[in-house]
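Some notes on the structure that comes next.
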Amino acid sequence: MYENLPHEHLIVIHAELPGADWEGTLEHIQKTCYEIPVYVVKANKTFFEMVEHRGMWPSPAFRQCTSDLKTAPISKFIRKFCKEHHYDRVYNCIGLRAEESDPRALKDPFRVDKKLTTKKRKVYTVLPIHDYTTADVFASYGITLEDLANRRRLYQLGNKYKAIMAWPFIYTYVAGMSRHSCKICIMSKKGDLLCSAREDPEHFKRYVNIEKEIDHEFINPGHSTPSLSTILRESQSKQLQLL
Ligand code: SF4
Numbered sequence: 007m008y009e010n011l012p013h014e015h016l017i018v019i020h021a022e023l024p025g026a027d028w029e030g031t032l033e034h035i036q037k038t039c040y041e042i043p044v045y046v047v048k049a050n051k052t053f054f055e056m057v058e059h060r061g062m063w064p065s066p067a068f069r070q071c072t073s074d075l076k077t078a079p080i081s082k083f084i085r086k087f088c089k090e091h092h093y094d095r096v097y098n099c100i101g102l103r104a105e106e107s108d109p110r111a112l113k114d115p116f117r118v119d120k121k122l123t124t125k126k127r128k129v130y131t132v133l134p135i136h137d138y139t140t141a142d143v144f145a146s147y148g149i150t151l152e153d154l155a156n157r158r159r160l161y162q163l164g165n166k167y168k169a170i171m172a173w174p175f176i177y178t179y180v181a182g183m184s185r186h187s188c189k190i191c192i193m194s195k196k197g198d199l200l201c202s203a204r205e206d207p208e209h210f211k212r213y214v215n216i217e218k219e220i221d222h223e224f225i226n227p228g229h230s231t232p233s234l235s236t237i238l239r240e241s242q243s244k245q246l247q248l249l
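Residue numbers for the sequence shown follow our numbering, so the first one is 7 and each next one is one higher.
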C-alpha cells in the first residue's frame, strides 16, 4: 500500500486488545508505518471482561472477540473519520490471506462493505495480499523461509539477540508463531499454543485459571488439540529438554 498509493490518503487503524496482544505490537506498527498516521482504537471492554461477562470463551465459529473488539471499534472509527474529514469513499485494506484457512480462501478480495456503505459513503473491503503465500510475505522484505528457519533455531538455542538482529517483521515469527494474532488465539493450532506457552508461561497460566473459574474449556479448532493445561505442561517439559 505504501509503495503504490498516495501517502496523504493513507491511514492505519490498529484495534488494540489490552492484555491479550503480544508486547511490542503497537511499537512494531508505528515503526513500520513511517510517516503514515496510526490510530489506535479500543472496545469499551477488554477480552477478559468479555469472557467474564459471557462466562465462556469466544467461539471459533462466531469469533465474538473479532467482531466486538476489532471490527466494531474500527467501523466506528471509519464512520467518525469520514464524517470529520469529508471522505465519501474508503478502501478498508486488511491483510487476510487465502492460504490461512478455507473460510479466508473463499473471501472475495474486493467487495462492498454493506454495513458501512450509505447513500453518501461507499466503503470497500480490500484484501491486497489475499493471494500471497507465506513465502511471498517474507520475500516482500527479502527474507526466505530458510532464513526464518535458521533464525528460529538460533532463538530456540537461546541466542535471541542474534536471531532477531535486522529482522524486519515482528519477533514473534522468529519465536515460532505462524500467525501474529492475540498471544493466545481461539484459532491457534497446537504449535502456536506451545510457542505462546514457552514465551509467556504466566500469561498462559492466566487462561488455564480462567478455564477453571468459568468452567469452560478454551476452544480451539480441531478437537484433537490438547487442553491448555496439557500444552502448558508440554511446553515446560520441552524447555527442560532444551536446557
Ligand atoms: S486474534 Fe484470535 S483471540 Fe484475538 S480477537 Fe482475533 S480471533 Fe479472537
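Cβ atoms here follow ideal geometry from the backbone N, Cα and C, with glycine treated the same way.
Given the structure, does S187 come close to the ligand SF4, in the sense that its CB is under 7 Å from one of the ligand's heavy atoms?
yes
Alpha-carbon spacing of I190 relative to S241, whole angstroms: 14 Å
Q. Within 10 angstroms of its Cβ, does K51 collect 16 or more other Cβ (buried), or is it exposed?
A. exposed
Original post:
What are the boundary residues of the alpha helix (DSSP H) that F224 is part of?
Top reply: No alpha helix (DSSP H) contains F224, which DSSP labels as neither H nor E.
- the ligand SF4 heavy atom lying under 7 Å from the CB of M183: no
Checklist entry - For the ligand SF4, is there a heavy atom less than 7 Å away from the beta-carbon of T72? => result yes
Quiz item: Cα separation between E58 and H222?
Solution: 11 Å
inquiry  = Whether or not the segment 105-113 and the segment 69-84 are in contact is what I'm after, with contact meaning three or more pairs of Cβ atoms, one per stretch, closer than 8 Å; do they touch?
reply    = no
Helix, strand or coil, according to DSSP, for N50 in the structure here?
coil
Next on the checklist: Can you list, in chain order, the residues of its chain with a C-beta nearer than 6 Å to that of P232? Leave out the 5 residues immediately preceding and following it.
Outcome noted: none
Status (buried if at least 16 other CB within 10 Å, exposed otherwise) for A203: buried
| query | Leaving out the 5 sequence neighbours to the left and right, which residues in its chain are closer than 8 Å to I35 when beta-carbon positions are compared? | reply | V18, H20, V44
Which residues share a DSSP beta bridge with H20?
-> V46
A193: CB within 7 Å of a non-hydrogen atom of the ligand SF4 = Rather than Ala, the amino acid found at residue 193 in this sequence is Met. Answer for M193: yes, Cβ within range of the ligand SF4.
### Query
So M62 and I220 are in contact, right, with Cβ under 8 Å, and what is the actual spacing, rounded?
6 Å
Just the Cα atoms here: how many angstroms apart are C188 and K76?
11 Å
Let's test the definition: count the other Cβ atoms within 10 Å of the Cβ of H136 and tell me whether it reaches 16, buried, or not, exposed.
buried
Exercise for review: Tell me whether K51 counts as near the ligand SF4, meaning its Cβ is closer than 7 Å to at least one heavy atom of that ligand.
Suggested key: no
Rounded to the nearest angstrom, what separates D206 and E22 at their Cα positions? 19 Å
message = To the nearest angstrom, how far is the alpha carbon of E29 from that of T38?
response = 16 Å
Report task. Compute the Euclidean distance between the alpha carbons of L249 and K89, then round it to the nearest angstrom. Result -> Low local confidence applies: a pLDDT of 46 at L249 is under 50, so the model's placement there is unreliable, and no value is given.
Worksheet entry | Other residues of its chain near S235: CB distance less than 6 Å, five sequence neighbours each side excluded | V214
- prompt: Going by the CB atoms, is the gap between H15 and E41 shorter than 8 Å?
  reply: no
- prompt: Quick one: what does DSSP say L249 is sitting in, helix, strand or coil?
  reply: Any answer about L249 is weak, because its pLDDT of 46 lies below 50 and its placement is not dependable; what the coordinates show is given next. Looking at L249 - three-state DSSP - the assignment turns out to be coil, as it is neither helix nor strand.
Point to revise | 6 Å Cβ shell around R127 - same chain, five flanking residues per side excluded | key: C88, D94
Q. Is the beta carbon of V129 less than 8 Å from the beta carbon of V180?
A. no
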